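To keep things clear, I will list the structure first and then write my remarks on it.
2 protein chains.
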Amino acid sequence: MTGEERQKRIEDHLLKVEFASLEELSELVDTSVSTVRRDVILLETKGIVRRTHGGARLVNPKSDEFTFNTRDTHQLSEKELIGRKCADLIQPNQTLIIDAGTTCYHVARYLEPKAPQVFTNSLPVANLFAAANKLEVVVSGGVIYPRLGVLVGPLAVEAFQKIRADVAIMSCGGITTDGISNSHGLLIDMQRAMIHAARRVIFCIDSSKFGRQSISQLCDLDAIDMVVTDKLVPAEIGKALKKAEVEVVVAAN
Amino acid sequence: MTGEERQKRIEDHLLKVEFASLEELSELVDTSVSTVRRDVILLETKGIVRRTHGGARLVNPKSDEFTFNTRDTHQLSEKELIGRKCADLIQPNQTLIIDAGTTCYHVARYLEPKAPQVFTNSLPVANLFAAANKLEVVVSGGVIYPRLGVLVGPLAVEAFQKIRADVAIMSCGGITTDGISNSHGLLIDMQRAMIHAARRVIFCIDSSKFGRQSISQLCDLDAIDMVVTDKLVPAEIGKALKKAEVEVVVAAN
DNA sequence: GCGTTTCTTGCAATATCTTCCAAAACCTTC
DNA sequence: GAAGGTTTTGGAAGATATTGCAAGAAACGC
């Protein structure tokens with residue numbers, strides 16, 4: 004087997020599994036670990052994989068391109084539930100604003116069949132739709148906020164000030180009776196512009212956010228129209244939401 | 004069996020299997036390895052196969068510059084060479100505009116250590132930098148042009164009209180004595196805005212683009228400052244570039 | 001911290017490539 | 001059909017590239 008053939012097979016394997024140990028790969032192509040290591044170094048210079056201790060990972064995995072690693076596994080199934088439920092609430096042909104954040108990302112994953120027009124400031128969401136050319140996806144400009152893959156800053160805010168949409172699908176760092184908050188000032192300006200640009204504002208909030216207060220205040224409960232969550236809302240917050248005429252949807256299995 | 008017959012059979016075989024070792028091929032056509040090697044060299048000069056250590060691989064003609072797939076291996080090593088060379092030409096702390104396209108993507112890959120400020124309309128480039136929080140990356144807004152992962156449209160053009168950068172690193176579909184052209188009208192407006200926003204314009208053009216005329220004319224040779232490529236430029240184009248005072252850099256091993 | 005795993009580096013063994021040459025096949029010309 | 005020249009072929013020698021291994025360095029997990 005020639006070197007290229009081996010590298011091709013390694014690449015193909017990684018396309019399937021996204022990550023593999025060198026040992027595993029050396030067995031796959033029936034050669035020493037040294038050689039596999041060299042192959043992987045070569046594939047790295049080509050930008051196809053990224054080397055890690057003990058293995059190699061595909062640079063551009065097909066599907067979930069972005070790993071919000073720290074929070075990714077956290078509350079995963081809840082977020083998926085919320086995502087599916089929220090996507091159900093969207094009418095076909097509505098124009099959407101989709102916020103960054105893992106929960107919103109999961110909404111986006113279930114939206115594809117509905118073929119709406121989508122406006123987003125989230126790189127992961129943009130990547131999700133980049134391959135499918137069925138629907139029009141507009142990306143706000145902005146500076147990349149690295150950990151989250153969000154576009155922030157004046158360019159992003161301006162972009163949202165220029166448009167109008169039927170629905171904004173948002174996420175946040177916390178919700179209390181005082182309103183909704185998020186973890187970084189840079190996000191706040193943009194989220195306000197998003198809320199302002201949408202006729203209807205839906206917040207996707209997993210239950211771990213209830214009663215939590217993040218550092219920057221985003222808006223009062225009055226400003227929003229619906230909350231999609233995975234568990235019953237605590238009584239106090241529920242009362243405040245009712246008073247603010249916010250509809251609450253609980254996604255259940 | 005004549006030489007041509009043999010080469011035809013080698014070609015046919017490679018169409019099926021994509022790779023083959025010389026040994027394998029020599030058995031197939033029942034001749035010495037030396038002869039097969041010569042055949043493969045000939046097929047390489049015709050651009051049908053690519054030689055590798057120990058074998059031959061079919062070249063895959065189905066890609067053009069802007070079909071974006073980082074795993075695409077068409078002209079890969081050339082693009083890598085260009086990418087590295089072009090990245091070398093960038094001074095630390097220069098602000099950059101990076102165009103979409105595979106060649107520019109490879110430039111971006113070698114830029115990371117330089118930590119400049121980067122402005123791009125390419126989703127793949129944005130993704131590349133999204134994880135590394137060393138440098139500031141600004142993404143132009145715009146509609147995702149699906150196949151390519153480029154952001155296009157008014158939002159993108161406006162974003163580039165607002166900024167100024169030291170260098171623009173660009174790619175294109177073709178270059179002739181008449182100037183530079185590209186394959187999609189949507190790209191043209193944006194690329195013009197990019198060129199206008201940069202003090203210095205560098206085009207990364209692999210040798211397969213020489214003499215090729217894409218559908219939309221982008222600009223005259225006067226408008227650009229430097230061409231980075233992988234082979235010596237054909238005489239006629241070279242003369243035109245000299246007349247337009249364009250510096251030509253050839254990336255070699 | 002400390003033991004373990006993995007990585008890097010240098011090296012020798014092996015495989016392949018290049019370059020050359022002589023033999024064979026083929027073509028031209030008479 | 002034979003002589004003389006050209007092209008193609010197979011192979012050999014030295015150059016180059018690849019491979020697997022081992023020792024020390026670095027990174028990781030506990």
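Chains as they are written, first to last, in this note's numbering: chain Y, 4 to 256; chain L, 4 to 256.
Glycine included, C-beta positions come from ideal geometry on N, C-alpha and C.
Keep in mind it's a predicted model, so treat the numbers as computed, not measured.
Endpoints, the alpha helix (DSSP H) within which glutamine 194(Y) is located: 188-200
Out of Val110(L), Phe122(L), Thr38(L) and Val249(L), which one is the CA nearest neighbour of glutamine 164(L)? Phe122(L)
Inter-residue Cα distance where the pair is alanine 243(L) and arginine 202(L): 21 Å
When the Cα atoms are used, what is the spatial distance from glycine 145(Y) to isoleucine 51(L)? Taking the straight line from one Cα to the other gives about 44 Å.
Using alpha carbons as the reference points, say which of Ser37(Y), Gln220(Y) and Leu158(Y) lies closest to phenylalanine 184(Y). First, the amino acid is wrong: residue 184(Y) is serine here, not phenylalanine. Selected option, being the one with the closest Cα: Gln220(Y).
Paired residues, beta bridge with isoleucine 172(Y) - DSSP: BP columns for isoleucine 172(Y) point to Ile101(Y) and Ile205(Y).
Do the segment 204-216 of chain Y and the segment 227-236 of chain Y make contact, defined as three or more Cβ pairs closer than 8 Å? yes
Under three-state DSSP, which class holds asparagine 259(Y)? Limits of chain Y in this structure are 4 at one end and 256 at the other, which puts residue 259(Y) out of reach.
Can you give me, in chain order, the residues of the segment 151-172 of chain Y that have a beta carbon less than 7 Å from any beta carbon in chain L? Gly152, Leu154, Leu158 and Ala162
Using only the alpha-carbon positions, how far apart do glutamate 68(L) and lysine 49(L) sit? In this prediction, glutamate 68(L) scores a pLDDT of 48, lower than 50, which makes its location untrustworthy; no coordinate-derived value is stated.
Out of Asn96(L), Ala111(L), Gln97(L) and Ile100(L), which one is the CA nearest neighbour of lysine 88(L)? Ala111(L)
Buried or exposed: where does threonine 5(L) fall if 16 or more other Cβ atoms within 10 Å of its Cβ makes it buried? Exposed.
Beta-bridge partners of cysteine 89(Y), as assigned by DSSP: Cysteine 89(Y) is not bridged to any residue.
Length of the line joining the Cα atoms of valine 39(Y) and leucine 17(L): 25 Å
For chain Y, is any of its Cβ atoms less than 8 Å away from the one on leucine 31(L)? no
To the nearest angstrom, report how far apart serine 66(Y) and glutamate 7(L) are at their CA atoms. The predicted position of serine 66(Y) is uncertain, since its pLDDT is 39 and thus under 50; a value taken from the coordinates is nonetheless stated next. Counting only the Cα atoms, glutamate 7(L) lies some 45 Å from serine 66(Y).
Going by DSSP in three states, valine 20(L) sits in which element: helix, strand or coil? helix
Is the shortest distance between the beta-carbon of threonine 98(Y) and the beta-carbons of chain L less than 8 Å? no
Just how far apart, CA to CA, sit glutamine 97(Y) and leucine 114(Y)? Rounded to whole angstroms, the separation of the alpha carbons of leucine 114(Y) and glutamine 97(Y) is 11 Å.
C-alpha gap between glycine 214(L) and isoleucine 93(Y), whole angstroms: 50 Å
Might you give, ordered along the chain, the residues of its own chain that have their beta carbon closer than 7 Å to the beta carbon of valine 155(Y), omitting 5 neighbours on each side? Gly145, Val146, Tyr148, Leu189, Leu190 and Met193
Histidine 141(Y) to glutamate 139(L) span [Cα, whole Å]: For the record, residue 141(Y) in the displayed sequence is valine; it is not histidine. Rounded to the nearest angstrom, the two C-alpha atoms are 22 Å apart.
Against chain L, does valine 146(Y) count as a neighbour if the rule is that its beta carbon must be under 8 Å from one of theirs? Closer than 8 Å to some Cβ of chain L, the Cβ of valine 146(Y) qualifies, so yes.
Beta-carbon separation of histidine 29(L) and valine 36(L) under 8 Å? The sequence given here places serine at residue 29(L); histidine does not occur at that position. For serine 29(L) and valine 36(L), yes; Cβs fall inside 8 Å.
Give the straight-line distance between the Cα atoms of leucine 151(Y) and glycine 182(L), rounded to the nearest whole angstrom. Between leucine 151(Y) and glycine 182(L), the C-alpha separation is close to 41 Å.
Bridge partners - phenylalanine 122(L), DSSP secondary structure assignment: Ile100(L) and Val141(L)
Bounding residues of the beta strand (DSSP E) (the contiguous stretch that carries glycine 241(Y)): It is not in any beta strand (DSSP E) - glycine 241(Y) instead sits in the alpha helix (DSSP H) that spans 238-246.
Residue-chain proximity (glycine 188(Y), chain L), Cβ-Cβ < 8 Å: no
Identify which residue in Val231(L), Cys107(L) and Phe22(L) has its Cα closest to the Cα of leucine 61(L). Phe22(L)
Name the two residues that bound the continuous alpha helix (DSSP H) containing glutamine 220(Y). Premise fails: glutamine 220(Y) lies in the beta strand (DSSP E), 219-222, not in any alpha helix (DSSP H).
Verify the CB distance criterion: does valine 142(Y) have a CB-CB separation below 8 Å to chain L? The beta carbon of valine 142(Y) sits closer than 8 Å to some beta carbon of chain L.
Got a sec? Which residues, its chain only, sit under 8 Å from isoleucine 240(Y) by beta carbon, not counting five neighbours each side? Ile178, Thr179, Thr180, Phe213 and Gly214
Taking only beta-carbon atoms, is leucine 126(Y) less than 8 Å away from chain L? Chain L places a beta carbon closer than 8 Å to that of leucine 126(Y), counting this residue as a contact.
How far does the alpha helix (DSSP H) with valine 32(L) in it extend, from its first residue to its last? Counting along the chain, valine 32(L) falls outside any alpha helix (DSSP H), and DSSP gives it neither H nor E.
Rounded separation between serine 24(Y) and lysine 11(Y) - CA only: Cα atoms of serine 24(Y) and lysine 11(Y): separation of roughly 16 Å, rounded to the nearest angstrom.
Go ahead and pull the three-state DSSP assignment for glycine 58(L). strand
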